[in-house]
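Report on one structure; see the data block that follows.
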Amino acid sequence: MNYLTSIGALPLLGALLISTLPKSKANYAKWVALLTSIVVALLGLLIALRFEIDRPGFQFVENYSWIPSFGINYSLGIDGIALVLILMSVILVPIVIVAGWHESEGGRWGSKSFYVLILILETMMIGVFAATDVFLFYVFFEAMLIPVYFLIGGYGVGERAAAAVKFLLYSLFGGLLMLAAIIGIYVISGHQGGHTFDIEKLSQLTIDSTTQNFLFLGFFIAFAIKAPLWPLHTWLPDAAKSATPGTSVLLLGVLDKVGTFGMIRYCIKLFPESSKTFTPVIIVLALISILYGAFLAIGQKDIKGLIAFTSISHFGFITMGIFAMTTQGHSGATLYMVNHGFSTAALFLVAGWISTRRGSSIIADFGGLQRVTPVLAWTFFIAGLSSLALPGLSSFVSEFLVLVGTYTRYPVAAVIGTLGIVLAALYILIPVQKALHGPITPGNENLPDITRRERIAIAPVIAVIIFLGFYPKPLLDVINPASIATLTAAGFSDPVPPAGGR
Amino acid sequence: MTDSPILQYSFLAPIMIVLAGAVIGVLVEAFVAAKRRATIQLLIALFTIFASFISLLRIRNLTSAKAAFNSVMIDGPAIFMQGTILLIAFFAVMIIGDVDHFTAQASAVPGSEEEKSAVQTGRQQTEVFPLTLFAVAGMMLFPAASDLITLFVALEVLSLPLYLVAGLSRRRRLFSQEAALKYFLLGAYSSAFFLFGAAFLYGFSYSVTLAGIHTAVIGGTANNVFLLIGLLFLSIGLLFKVGAVPFHAWTPDVYQGAPTPITGFMAAATKVAAFGALLRIFYVTFGDAVWNWRPILTVIAILTMLVGSIVAITQRDIKRMLAYSSIAHAGFLLTGVIALNRAGLAATLYYLLAYGFITIGAFGVITLVRDSSGEITDLNRWAGLGRRSPKIAALFSFFLLAFAGIPLTSGFIGKFAIFTAAYESGNIGVVVVGVLSSAIAAFFYIRVIVMMYFAESHEDSLTVVIPSPLTSIAIWVSGAVTLILGVYPTPVLNFINTLAIFIR
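As given, the protein sequences belong to chains A and B, one line each in that order.
Positions 1 to 502 (the numbering used here) are the ones given, in order, by the first sequence.
Positions 1001 to 1504 (the numbering used here) are the ones given, in order, by the second sequence.
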């Protein structure tokens, strides 16, 4: 059975089904979407169960010729890293649909298109993580921009059109640079034994270092735009402020992970030498992102802007973990991607519910919610604690791993990075203390607390956050072999800790 | 020496059928009653193109390729380009079939009593159909011509009817006639350049055939100054037709002024024909003099891509914007020409086919967006189109994304193929500029999508007319082809690969 094609095609089928619904039955759209996404999530779990941890290389491999004249194949396969990211994506989609049950109704267009777009996006998300053909990856990478663009522009609030365009142009620009690099490596493969886009074959090419540096930059800039690294981040806060909470979850939780995933899968695997060359620069950029994101988060008045800037800080951590080139750093970074997905989901969803109730997303307007809507406030608090990496919640493990992994190679960077944790406490706790715990802002007295639907949506997220906080082993077991394999293949080995010591 | 005149009619049949159809069209114009003329002309035109396409299919696999005393070369690329032109023409004629776009009586002075009475009595003249067919015949001959004289004849046969039809718009007639005049004057200049170049090349090689000039090029003994001057002027004539910078000035005016169905046809088919001739001349004749022309053509390609995409950003009229976009695409196509390898040839052929269908579809949609006074081409007035007619807006967005080269559209595969060929030939600078200008170009394509979907509309006069069945077919088929060529281009690419060799 072609597991990966099935899980990828299912959402698309759901989208087709929805688009054929007659106008009078438009309210079935969300049910079809929900059912589809649940089936997809279950299939994702099935794939996870059948995944063999000890087997090296890609699993669930599928390979068909697609455009033979260019040596392009439709080939899919997943390693541990791709598996956990796909799993995170397919779990988040039904949650987003339940959480934003009425999100589509405020939009300018009908709810049918909303769910069609969400499901198409899910197909693209699965495809982008599962592709093992660089061309196929690029197709998913670019094509997934279009549904997001319409989700932001069509259903967002405020300056949504401008934000959508900014998002799309930034991403397209990065994508086109990557296209040039992809063409470059493809042409080189032609000189060394036949044109191919197969990631494994491409990773065995010998490329002279100047060319390699340019090709690396082509890929890296695209990924650094996606998982916004300072100074390429400016699209993210705008997009996050304008998009609906559900779209933001998918945007920050899943789409941006394509960037960090790409750094591991493509930058390091294809261009190990250049990765080494650029590491100092990238580590510095990552540190700047960590601190810059955190400082700006502290200064945000808008709750969505706050979450966006915390994410920039978190992406700094992830990038630092990746380019520390240690097993712990890589595993930590990958785990971080998953954890960030869930804690951002929790933050965005709760923030979205609060903003909808209050009719404002300004933090100062949320005064006293702790007393008026205790459950909502507590949920936000837990999500926030996870975001600041409190021990016992999921992000702690990954942040710790990243810092340890970085320390063994770049102690100074790790120490500076630790400052990010201190700042995280500030940007989460200040709004919680001032707003949620403060005096009740006029107009907040009668806000309703969490509804049953919202409970159903948020419960699994909180459960995952707590579970992974105490017991991340299942994920790490899957991730570790893939991290080791990537690093070994690229010729990196963990630094040996100095023996003895004093 | 007695050469018996053998014309190899089977090779020439596709062209001759179109010419015959055009002549019949002229007769119909003269003798058939005004009421039935439009329908009959439309049917004749469609049938002619169809018959020509069938006869083209029949000669597809024949090996011998020279016809009409070696002045016409029916080889793989020629057959592919003739086929592309016929396909484009077929769907373009479907859109032209909505004669409401054309003036009732072209000879009447705009605004005169004569014009009014022609409109009121319904005496619609339909010379646009035979003129289009003549242009098609010229276009088919152009990429197949293998001596400079035939090339020049083909150039004129394709150009003269286009000058005329550009001035046939029913609304804003003065504007349309101005466009036609500009097109004619500048076109005449470029023809003169072309002839001048041909004369110098004759002086260089004592031959007008492409093969003969090629012999002189590799012989290396002839006067190189003549070669350079001849090459330069010949190129100017051809680059004018494709709208390359700095010979592009006519494009926006003509695209804007001409009746929209004609603009679509011109933009798509002329490009195929002109690039066909460019490819043949540079690949067959001057391939061995590559160091003489590649640097300058590289500069032109880069300028064309950049100017096209940057100036398009400032445009407020959809037709002008697409005109500049077509200039940018001419730049992309030029990178395929200067790649000068087989991959470049195949990529250019593919791009021409893909671009042709996107263009036909996009202009087809533009013909549908109207208010009581005619088409609306002011971009600001397209606001809210996405809500009024979601299907048409979605289709147009798809064409725009294809122009921008987003994956899963034919535009992407074309762009990928062309840049790959350019990279393969070592011309990495062109690839980088191409990629950057694609990014710039994405901006103005997406701006139209923003207009249609995200902008508030302030007026109600804008309507999307219900397309005539033929226009519907044309735009939806174009959309389908764009999608299929983007998702599964393998059969077409394989087909191109089998015939992407020029015969000298």
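Cβ coordinates follow ideal geometry from the N, Cα and C atoms, glycine included.
Q.
Would you say Ala587/A lies against chain B (beta-carbon separation less than 8 Å)?
A. Residue coverage of chain A in this structure runs from 1 to 502, which leaves residue 587/A outside it and unanswerable.
(Q) Against Tyr186/A, what residues of chain B qualify as contacts under a CB-to-CB distance less than 7 Å, listed in chain order? (A) The answer, in chain order, is Thr1420.
Q | Whole runs of the alpha helix (DSSP H) within the stretch 1170-1217 of chain B, excluding any shorter than 4 residues | A | If you keep only unbroken alpha helix (DSSP H) runs of at least 4 residues inside the stretch 1170-1217 of chain B, you get 1173-1205.
(Q) Could you tell me the alpha carbon to alpha carbon distance between Phe1134/B and Ile1085/B, rounded to whole angstroms? (A) If I take the Cα positions, the gap works out to 13 Å.
(Q) Extract the residue ranges of the beta strand (DSSP E) inside the stretch 190-250 of chain A, only unbroken runs of 3 or more that lie entirely within it. (A) With a minimum length of 3 residues, no continuous beta strand (DSSP E) run stays inside the stretch 190-250 of chain A.
Q: Determine whether the Cβ of Ile67/A lies closer than 8 Å to any Cβ atom of chain B.
A: By this cut-off, Ile67/A is an interface position.
Q.
Once DSSP output is grouped into helix, strand and coil, what is the label at Ser493/A?
A. Look at Ser493/A here: in three-state DSSP terms it is coil, with no helix or strand label.
Q. Taking C-beta to C-beta, are Tyr1351/B and Gly1414/B nearer than 8 Å?
A. The answer is yes: Cβ separation under 8 Å.
Q: Please confirm if Glu142/A has its CB atom under 8 Å from at least one CB of chain B.
A: The beta carbon of Glu142/A sits closer than 8 Å to some beta carbon of chain B.
(Q) If the cut-off is 9 Å on Cβ atoms, which residues from the stretch 123-156 of chain A count as contacting chain B, listed in chain order? (A) Residues are counted here when their Cβ sits less than 9 Å from a Cβ of chain B; for the stretch 123-156 of chain A these are Phe135, Tyr138, Val139, Phe140, Phe141, Glu142, Ala143, Leu145, Ile146, Tyr149, Phe150, Gly153 and Gly154, given in chain order.
(Q) Taking beta-carbon pairs under 9 Å, can you tell me which members of the stretch 158-171 of chain A lie near chain B? (A) For the stretch 158-171 of chain A, which is checked against every Cβ of chain B, the residues closer than 9 Å are Arg160, Ala161, Ala162, Ala164, Val165, Leu168 and Leu169.
(Q) I'd like to know if Ile120/A contacts chain B, where contact means its C-beta is closer than 8 Å to some C-beta of that chain. (A) So no, Ile120/A is outside the interface.
Q: Grab me the residues of Ile479/A's own chain with a C-beta within less than 7 Å of its C-beta, minus the 5 sequence neighbours each way, in chain order.
A: Cβ neighbours of Ile479/A beyond the five flanking positions: Gly80, Ile81, Val84, Ser331, Thr334 and Leu335.
Q. Using CA coordinates, which residue listed in Phe1357/B, Tyr1189/B and Gly1264/B is at the minimum distance from Ile1236/B?
A. Nearest C-alpha to Ile1236/B: Tyr1189/B.
Q) What residues in the stretch 201-219 of chain A have a beta carbon less than 7 Å from any beta carbon of chain B? A) Listed in sequence order: no entries.
Q) Can you tell me where the alpha helix (DSSP H) with Asn1292/B in it begins and where it stops? A) Counted as a single uninterrupted DSSP element, the alpha helix (DSSP H) harbouring Asn1292/B occupies residues Val1290 to Ile1313.
Q) Does any C-beta atom of chain A lie closer than 8 Å to the C-beta of Asn1497/B? A) Yes, Asn1497/B counts as interfacial toward chain A.
Q) Cβ atoms of Ala1421/B and Gly1344/B: under 8 Å apart, would you say? A) Going by beta carbons, Gly1344/B and Ala1421/B fall inside the 8 Å limit.
Q: Can you tell me which of Lys473/A, Pro481/A, Lys112/A and Gly246/A puts its alpha carbon nearest to the alpha carbon of Ala33/A?
A: Comparing Cα positions, the closest option is Lys112/A.
**Q.** 8 Å contact criterion, which Cys267/A and Phe197/A should meet: CB distance rounded
**A.** Contact doesn't hold; Cβ gap of about 16 Å is too wide.
Q: For Gly156/A, collect the residues of the same chain with a Cβ closer than 8 Å to its Cβ; drop the 5 residues on either side in sequence, then sort them by chain order.
A: Residues Ala163, Ala164, Ser242, Ala243, Thr244 and Thr247 of the same chain have their beta carbon placed closer than 8 Å to that of Gly156/A, with the five preceding and five following residues left out of the count.
Q. Shorter than 8 Å from the beta carbon of Gly100/A to some beta carbon of chain B?
A. Chain B contact via Cβ: absent.
Q: Can you tell me the Cβ-Cβ gap for Ala1022/B and Pro1130/B, rounded? I've got them flagged as a contact below 8 Å.
A: Contact between Ala1022/B and Pro1130/B holds: their C-beta atoms lie close to 5 Å from each other, under 8 Å.
Q) What residue range is occupied by the uninterrupted alpha helix (DSSP H) comprising Phe1495/B? A) Where Phe1495/B is concerned, the enclosing alpha helix (DSSP H) starts and stops at Thr1490 to Leu1499.
Q. Closest to Ser203/A by CA distance: which of Leu426/A, Ile312/A, Tyr186/A and Phe214/A is it?
A. The option with the nearest alpha carbon to Ser203/A is Tyr186/A.
Q.
Is there a Cβ of chain B sitting closer than 8 Å to that of Leu176/A, yes or no?
A. By this cut-off, Leu176/A is an interface position.
Q. Who are Arg1370/B's beta bridge partners in DSSP?
A. Answer by DSSP bridge pairing, in chain order: Glu1375/B and Thr1463/B.
Q: Could you tell me how far apart the beta carbons of Ile466/A and Leu393/A are, in whole angstroms, since I believe they sit closer than 8 Å?
A: Sure, about 7 Å apart at Cβ, within 8 Å.
Q) Using 8 Å as the limit for Cβ to Cβ distance, is Leu16/A near chain B? A) By this cut-off, Leu16/A is not an interface position.
Q. Taking 8 Å as the CB-CB cut-off, is Met1001/B touching chain A?
A. Unreliable placement is indicated for Met1001/B, whose pLDDT of 47 sits below 50; the coordinate value is still reported in the next sentence. Taking CB atoms only, Met1001/B has no neighbour in chain A less than 8 Å away.
Q: May I ask you to report which of helix, strand or coil DSSP gives Tyr64/A?
A: Note: Tyr64/A maps to strand in three-state DSSP.
Q: Determine, using beta carbons only, whether Tyr1453/B comes closer than 8 Å to chain A.
A: When Cβ-Cβ separations below 8 Å define contact, Tyr1453/B makes contact with chain A.
Q: Tell me Gln59/A's beta-bridge partners as DSSP assigns them.
A: Its beta-bridge partners are Ile78/A.
Q) Whose C-alpha, out of Tyr1009/B, Phe1102/B, Ser1055/B and Ala1108/B, is nearest the C-alpha of Val1072/B? A) Ranking Tyr1009/B, Phe1102/B, Ser1055/B and Ala1108/B by Cα distance to Val1072/B puts Tyr1009/B first.
Q) For Ala1244/B versus Ala1330/B, is the C-beta spacing smaller than 8 Å? A) Yes, Cβ-Cβ distance for Ala1244/B and Ala1330/B is below 8 Å.
**Q.** DSSP bridge partner residues for Asp1147/B (one or two, in chain order)
**A.** Per DSSP, the beta bridge partners of Asp1147/B are Thr1209/B.
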